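Just below is one structure, and these are the notes that go with it.
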Amino acid sequence: MAAAAAAAMATATSATAAPPLRIRNAGRRNLRRGLGHGHVRCAVASDAAEAPAAPGARVSTDCVVVGGGISGLCTAQALATKHGVSDVLVTEARARPGGNITTVERADEGYLWEEGPNSFQPSDPVLTMAVDSGLKDDLVFGDPNAPRFVLWEGKLRPVPSKPGDLPFFDLMSIPGKLRAGLGALGIRPPPPVCVLSPLCILDSLVKFDCAERFRRRFQGREESVEDFVRRNLGAEVFERLIEPFCSGVYAGDPSKLSMKAAFGKVWRLEDTGGSIIGGTIKTIQERGKNPKPPRNPRLPTPKGQTVASFRKGLTMLPDAITSRLGSKVKLSWKLTSITKSDNKGYVLVYETPEGVVSVQAKTVVMTIPSYVASDILRPLSSDVADALSIFYYPPVAAVTVSYPKEAIRKECLIDGKLQGFGQLHPRSQGVETLGTIYSSSLFPNRAPAGRVLLLNYIGGSTNTGIVSKTESELVEAVDRDLRKMLINPRAVEPLVLGVRVWPRAIPQFLIGHLDHLEAAKSALGRGGYDGLFLGGNYVAGVALGRCVEGAYESASQISDYLTKYAYK
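Numbering (UniProt numbering), first residue to last: 1 to 568.
This is the structure we're talking about:
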């Protein structure tokens, strides 16, 4: 389990979701700020708004992608590049594409920062999407040797980045390391079992009309992330590594997050191999028997385990895809209804700047947040809507500040510089901020000479009260936390570049998440809504990379459906 992952927020855009809040200013303590100078980079190609539909017009297409966030845009591009399906329409309720990807630039002062997701793991699917979008030369990669830190007992302690670091890092005690090693080998309590009662069996058979689903549900009680990690690796691994990791990635509560849903790859190691190490060995053996096809030579090769972005920030990816799709991307199109067509397919009705437009589509994929999809799909199926309404999205704020380099504590410098990816903060350590990313150390040209740029995340499932705080209160909380471990207490006040609150930020993969998702998909099938697909981050995963991978998966499903049914 990667214990030092970045605080990442990759969420699909909303058809009707509330925009991020800009908090009112309530008497800042003379903190320097510059929000008035920065603007979101959302340069949309001019042809994306061309060819407006006439009021009352009816448009026909093979596929409508509802939602122009990263999931929706990548689904449309994958349909074209991988499956030859180019008759696609992407509709977005907002005036810009990209969803929660929000890059802001103050070029005159040398600042560039993110207010949504910050980076991505450069997996081959994401690199393929970038190369297909013409951004190969714009990719930037972080230093694979950059340290990650966790705050523990008042000190920022490095997280081991390779096996050779394990004996020497001071984040865990020797007994804690031994407990983790033995647990990984399988010397630990067994997985929990589900005690079946007649009522439990009957309820399951009613709700899950498939023997395989029944088997999956009762192969063992679903564990939370906390339960799984404590049982397999011990208390120290959980409290000092995984708990802050969950806060950083999901802004979530690990006592409620589902291990199987949130970290399925690690969960499957124990499930298939009897232990984490056993599963790892089995996975390596399987790969040896079934080697991957040769890697696409067009793709760049990152050095080591790292993260990536683009020269001018993450927004370059949705902007590039939007430019390539051209007039197939419709902005400021608000979906008001979707109904089954008398023929095969669906009719979608939109409110657009040009008036009401109806779209006849053979297939539809909803990449909007689950709560928005729930409202839109309720007239079709209350069962689908009820299942989708269950998923929870807590609020998260992104607070971006800059300090002079001399404000960094000397003990936090490496070779006289602030180096590293960033830091995570366990909830037990008395700080409110979830984590801090060293933006100016991670990628080039993020801050002017002599300054450091820090992106801080605050809020999440365990701190939902941030929505009622003023902008100055959020900045003061971040600044107060940073002065406890990274910033010299006597340093000058920070330059405040951005404060953005996402009222519904990241879907929580809680216990029961996979059952609820399966219930929604099953209800679509029972209702005869073939060709209507669910996509986005609550389906694929919250990280930006998983959204892109999920887009390729959705595109494959749509293409298969069109080939088998819609084109006949």
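From the three backbone atoms N, C-alpha and C, an ideal C-beta is built for every residue, glycine too.
It should be emphasised that the depicted structure is a prediction, and the values quoted were computed from it without experimental measurement.
In the three-state scheme derived from DSSP, where H, G and I count as helix and E and B as strand, T433 is classed as strand. Inside the stretch 473-541, DSSP marks whole alpha helix (DSSP H) runs of 4 or more residues at positions 513-526 and 537-540, from first to last along the chain. Distance check between E109 and each of R451, K162, S323 and Y529 places R451 closest, using alpha-carbon atoms only. Taken through DSSP and simplified to helix, strand or coil, P297 comes out as coil. Taking the Cβ atoms as the reference, A520 lies roughly 20 Å from C63, outside the contact range of under 8 Å. The straight-line gap separating the alpha-carbon atoms of K564 and V193 is approximately 41 Å.
In the three-state reduction of the DSSP assignment, V193 falls in the coil class, being assigned neither a helical nor a strand state. Rounded to the nearest angstrom, the gap between the Cα atoms of E236 and H425 is 14 Å. By the Cβ criterion, the stretch 523-540 is not in contact with the stretch 272-288, since fewer than three pairs of Cβ atoms, one from each stretch, lie closer than 8 Å.
Ranked by how close their Cα comes to the Cα of L514, the residues F391, Y250 and N100 have F391 in first place. Cα atoms of T336 and L182: separation of roughly 56 Å, rounded to the nearest angstrom. With respect to the C-alpha of R480, the residue from A308, P494, S173 and S468 having the closest C-alpha is P494. Distance from the CA atom of M485 to the CA atom of A93, rounded to whole angstroms, is 42 Å.
Restricted to the stretch 366-440, the alpha helix (DSSP H) segments that are unbroken, complete and at least 4 residues in length are 370-377 and 382-389, listed in chain order. Secondary structure at P175: helix, using DSSP grouped into helix, strand and coil.
Here the C-alpha atom of A385 lies approximately 44 Å from the C-alpha atom of S402. By a beta-carbon distance limit of 8 Å, G430 does not contact Y457. Their separation comes to about 17 Å. T464 and A397 have their alpha carbons spaced roughly 10 Å apart. Of the residues assessed, G68 falls on the buried side of the cut-off, its CB having 16 or more other CB atoms within 10 angstroms. Apart from the 5 residues on each side of it in sequence, G460 sits with its Cβ closer than 7 Å to the Cβ of S247, A251, G252, P394, V396 and L434 in its chain, given in chain order. Between C74 and I321, the C-beta spacing is below 8 Å. By the C-beta density criterion, S133 is buried, having at least 16 other C-beta atoms within 10 angstroms. Secondary structure at I458: strand, using DSSP grouped into helix, strand and coil. For Y561, the enclosing alpha helix (DSSP H) stretches over residues L544 to Y561. Between Q419 and S441, the gap from beta carbon to beta carbon is short of 8 Å. With a minimum length of 3 residues, the unbroken runs of beta strand (DSSP E) contained wholly in the stretch 103-171 fall at 103-106, 111-114, 139-141, 148-152 and 155-158. T91 is classed as buried because its beta carbon has at least 16 other beta carbons within 10 Å across all chains shown. Using a Cβ distance threshold of 8 Å, A551 and S86 do not count as a contacting pair.
In this structure, DSSP gives A93 a state outside helix and strand, which the three-state scheme calls coil. Between the alpha carbons of P117 and E354 lies a gap of roughly 32 Å. Sequence-distant partners of L257 (beyond 5 residues in either direction) whose C-beta falls short of 7 Å from its own C-beta, in its chain, are S224, V225, C246, Y250, Q508, F509 and L510. V66 sits close to T367, with the two beta carbons spaced by under 8 Å.
Where T75 is concerned, the enclosing alpha helix (DSSP H) starts and stops at I70 to H83. Approximately 20 Å separates the beta-carbon atoms of Q557 and L325; this is outside 8 Å, ruling out the contact. With a cutoff of 8 Å on beta-carbon distance, H83 and S554 are scored as not near each other.
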